[in-house]
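Residue numbers (my numbering): 8 to 214.
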C-alpha cells in the first residue's frame, strides 16, 4: 500500500473515530466514573471490536449481513437493548464521590472491557461501513494478506488511540474540576443519553 493511500485511509478513520456517538459515551462513562485506566480498558476492547469488524468485512461479513436481514436486525436491536441496559444501570447506581474514586475492582475493569467491546460488536453497520471504505483503497486482484493486515491494524490503532486520548483528557478534567462532587448529576445525564441513543437506534430502523 502506498503511503498516500494509507494516509487517506488513516484520515478517514480518524474522522470516523472522532464522530460522537454511543462509543464516546461508553468511554466517558468509565473514565469519569472510575479512572483513566478504566476508560483505556474500554478503549482497547472497543478498538478490538472495531478491528474485528474490519477484518471480517474483508472476509465478506457485510455480504452475509445483507443477505440475512434477520441477523442484521438482531445485532441492531441487541445493540439498542445493551445501550438501554447501560442507561438503566447508570440511573439506578447510587455511588457517592468516595465510591467513585475507590471503585477500581477487577469487576469494574471487566465491565469496562465488556462495555467497550459490546458497543462495537453490536453495531453491524461497522461491517458495511468498512466494506464501503476499503473498496475505495484496494484492488481485489492485488489484495494481499499484508495489505489487509495493515488496513485492519490502522483501524484498530486509530480507534483505540482516539479513545485513549478521550480517557486521559476526561479523567484529568474530572480531577481538575472535582467532578466527583457532581457525579450524581453526571450519572443522570449519561443515563438519559444512553436511553436516548437506544431510542435513536430503534427509531432509525423505521426511517
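All C-beta atoms in this analysis are idealised placements derived from N, C-alpha and C, irrespective of residue type, glycine included.
Residue i (DSSP reduced to helix, strand or coil)
i, result
"residue 157", "helix"
"residue 66", "coil"
"residue 137", "helix"
"residue 97", "helix"
"residue 58", "helix"
"residue 12", "helix"
"residue 106", "Residue confidence for residue 106 is low, a pLDDT of 47 falling below 50, so the modelled location carries little weight; the figure read from the coordinates is stated next. Residue 106 falls in the helix class under three-state DSSP."
"residue 20", "helix"
"residue 86", "helix"
"residue 118", "helix"
"residue 42", "coil"
"residue 129", "coil"
"residue 211", "helix"
"residue 52", "helix"
"residue 29", "helix"
Minimum C-alpha distance to residue i - residue among the options
i, options, result
"residue 160", "26, 41, 151 and 55", "55"
"residue 168", "28, 42, 52 and 39", "52"
"residue 59", "204, 183, 182 and 138", "138"
"residue 116", "22, 14 and 42", "42"
"residue 199", "96, 131 and 212", "96"
"residue 208", "89, 40 and 72", "89"
"residue 61", "211, 134 and 206", "134"
"residue 142", "36, 64 and 194", "64"
"residue 211", "192, 165 and 130", "130"
"residue 176", "197, 45 and 16", "45"
"residue 94", "124, 16, 213 and 33", "33"
"residue 178", "38, 118, 91 and 47", "38"
"residue 57", "184, 203, 74 and 170", "170"
Cβ neighbour criterion (16 or more within 10 Å) applied to residue i
i, result
"residue 50", "buried"
"residue 76", "exposed"
"residue 11", "exposed"
"residue 14", "exposed"
"residue 201", "buried"
"residue 205", "buried"
"residue 99", "exposed"
"residue 35", "buried"
"residue 192", "exposed"
"residue 29", "buried"
"residue 152", "exposed"
"residue 103", "Low per-residue confidence applies at residue 103: pLDDT is 46, beneath 50, and the placement is therefore not dependable, though the value from the model is reported in the following sentence. So residue 103 counts as exposed."
"residue 266", "The structure shown does not extend to residue 266, since the chain is modelled only from 8 to 214, so the question has no answer here."
"residue 123", "buried"
"residue 174", "buried"
"residue 182", "exposed"
**Request:** Mind listing, in chain order, the continuous alpha helix (DSSP H) runs of no fewer than 4 residues lying wholly within the segment 159-203?
**Result:** none
**Asked** Contact between the segment 79-87 and the segment 149-159: three or more CB pairs below 8 Å?
**Response** no
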